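For the sequence shown, our numbering gives the first residue as 6, with consecutive numbering after it.
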Amino acid sequence: MSRAQDIHFSQFFETPLLRNPALAGIFTGDFRLQMVYRDQWRSVTEGYKTGSLNGEYKLPIGKADDFVTIGGQILFDRAGSAALTQTSFQPVLNYHKSLSADRNRYLSLGVMGGVVNRSFDRTKITTDNTYNNGFDGETAIAPNYTYMDGSVGLSYNSDLGPDPEDNFYVGFAYHHFANPKNTFFRDPSTRLNPKWVASAGFRFGVTDFSYITIQADHAAQAGYHETIAGVLYGMKIGEQVDDPKYVLHGGAFLRWNDALIPVLKMDYASFSFALSYDINISKLKPASLGRGGFELSLSYIGFLDRSNSSLNAVRCPRF
Numbered sequence: 006m007s008r009a010q011d012i013h014f015s016q017f018f019e020t021p022l023l024r025n026p027a028l029a030g031i032f033t034g035d036f037r038l039q040m041v042y043r044d045q046w047r048s049v050t051e052g053y054k055t056g057s058l059n060g061e062y063k064l065p066i067g068k069a070d071d072f073v074t075i076g077g078q079i080l081f082d083r084a085g086s087a088a089l090t091q092t093s094f095q096p097v098l099n100y101h102k103s104l105s106a107d108r109n110r111y112l113s114l115g116v117m118g119g120v121v122n123r124s125f126d127r128t129k130i131t132t133d134n135t136y137n138n139g140f141d142g143e144t145a146i147a148p149n150y151t152y153m154d155g156s157v158g159l160s161y162n163s164d165l166g167p168d169p170e171d172n173f174y175v176g177f178a179y180h181h182f183a184n185p186k187n188t189f190f191r192d193p194s195t196r197l198n199p200k201w202v203a204s205a206g207f208r209f210g211v212t213d214f215s216y217i218t219i220q221a222d223h224a225a226q227a228g229y230h231e232t233i234a235g236v237l238y239g240m241k242i243g244e245q246v247d248d249p250k251y252v253l254h255g256g257a258f259l260r261w262n263d264a265l266i267p268v269l270k271m272d273y274a275s276f277s278f279a280l281s282y283d284i285n286i287s288k289l290k291p292a293s294l295g296r297g298g299f300e301l302s303l304s305y306i307g308f309l310d311r312s313n314s315s316l317n318a319v320r321c322p323r324f
């Protein structure tokens, strides 16, 4: 149990708080809401259903160009015939320190922590004792437990040139720093291993009406490593370059030794919709017939009616 991997999404770029709390607030807007739903492995077993909901609110602080972001993340995951379920709620706080009076450069420090609950349906498991005595006989199992968890991270966000839409970020995060208990058995020595995550993203224009976005993550937890990276090509549709009616994105990501992930995304007004599908290329491919899972995401980025909104800010954390 202590070696199990964390919840993850193929559309990791739509779950910034799960990657690094210091990525909260790095978007062009005052607030952002994001939802992701994942359904996978139905061809192999009962299937996994995973959902994420996060919200962020960014506001200026002090007389400088500094900002602070507050928000939170809710996660839900259910897997298998025994309904192994995990739910969590973790608030986040991120401080963005401006490093330049002339350019858009920010160093951000974020912290996130909250409560996690794990459970399973004991009536849906079968052991040898079930046939002999009518119950599972596992007296050492607690089918429900709760623990506190947290993460901390740093990120650096800057422009790539004079165009404010050309920018990048890099970040490092340390998750599960409290090393919490993580077992259904009454054994306090079984702990959740800490996890390191390195993240990066680059966005740059190709023409006046198109641009490329590259994003990647690398995670390490105990003996487990995961690398995912890919690219999206965005095309602006409409007569105004600065305010297109639509932006269509297409591309693919690769989770190394696991899945190839085609992605389609559309931006309309303040909304973004994305659909992806995992094509399994791992050792499980013969059993899964290459089928992995699909993800659907929806996000909304807005501005508030205030004089110091990031809508009119020359310098502001953005991507």
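For every residue, glycine included, the Cβ atom is placed at its ideal position computed from N, Cα and C. Treat the numbers as computed from the prediction; the structure is a model and nothing was measured.
query, result
"Among the candidates 192, 217, 73, whose CA atom is the shortest distance from the CA of residue 256?", "217"
"Alpha carbon to alpha carbon, what distance is there between residue 188 and residue 242?", "51 Å"
"Once the 5 residues before and after residue 320 are set aside, which same chain residues still bring their CB inside 7 Å of it?", "70, 103, 109"
"Three Cβ pairs or more, each shorter than 8 Å: is that satisfied between the segment 179-186 and the segment 51-59?", "no"
"Roughly how far, in whole angstroms, is the beta-carbon of residue 78 from the beta-carbon of residue 22, given that I think they are within contact range, below 8 Å?", "4 Å"
"Since residue 167 is in the beta strand (DSSP E), which residue starts that stretch and which ends it?", "No beta strand (DSSP E) holds residue 167; DSSP gives it neither H nor E."
"Specify the secondary structure class of residue 19 as computed by DSSP and reduced to three states.", "helix"
"Measuring alpha carbon to alpha carbon, tell me which residue in 175, 154, 171 is nearest residue 162.", "175"
"From the DSSP output, in three-state form, read off residue 28 for me.", "helix"
"Enumerate in chain order the residues of its own chain whose CB-to-CB distance from residue 18 is below 6 Å, with the five nearest sequence positions on each side excluded.", "220"
"Less than 8 Å between the C-beta atoms of residue 203 and residue 223, yes or no?", "yes"
"Thinking C-alpha only, which one of 305, 254, 259 is nearest residue 15?", "259"
"Between which two residues does the beta strand (DSSP E) harbouring residue 244 extend?", "From DSSP, residue 244 is part of no beta strand (DSSP E); its letter is neither H nor E."
"My output table needs one value for residue 308: the three-state DSSP class, helix, strand or coil.", "coil"
"Out of 322, 35, 25, state which residue places its alpha-carbon closest to the alpha-carbon of residue 115.", "25"
"Less than 8 Å between C-beta atoms, sequence neighbours within five positions excluded: which residues of the same chain meet that for residue 147?", "189, 190, 191"
"Thinking residue 280 and residue 265 are a contact (beta carbons under 8 Å), I'd like their distance in whole angstroms, please.", "With a Cβ gap of about 15 Å, residue 280 and residue 265 do not count as contacting."
"Would you say the beta carbon of residue 143 is closer than 7 Å to some non-hydrogen atom of the ligand PLP?", "In the structure shown, the ligand PLP is absent, as is every other ligand, since no ligand is present at all."
"Could you tell me which residues DSSP puts in a beta bridge with residue 98?", "75, 116"
"Would you decide whether residue 291 is buried or exposed? Buried here means 16 or more other CB atoms lie within 10 Å of its CB.", "Note on residue 291: pLDDT 49, under 50, position unreliable in the model; the coordinate value appears next. Exposed, by the Cβ-count rule."
"Please state whether DSSP places residue 196 in a helix, a strand or coil.", "strand"
"Can you look up residue 63 in the DSSP assignment and give me helix, strand or coil?", "strand"
"Look up residue 127 in the DSSP assignment and say whether it is helix, strand or coil.", "helix"
"How many whole angstroms separate the CB atoms of residue 209 and residue 165, which I take to be in contact at a CB cut-off of 8 Å?", "6 Å"
"So the beta strand (DSSP E) residue 218 belongs to, where does it begin and stop?", "215-226"
"Considering only C-alpha positions, which residue in the set 201, 213, 227 is nearest to residue 2?", "The shown model of the chain, from 6 to 324, leaves out residue 2, and the question about it has no answer."
"In this structure, does DSSP put residue 212 in helix, strand or coil?", "strand"
"Please go through the same chain and pick out, in chain order, the residues whose beta-carbon is closer than 7 Å to the beta-carbon of residue 124, but skip the five residues on each side of it.", "90, 148, 149"
"Can you tell me which of the three DSSP states residue 68 falls into?", "coil"
"Counting only beta-carbon separations shorter than 8 Å, does residue 175 have a partner in chain B?", "In the structure shown, chain B does not exist; there is a single protein chain."
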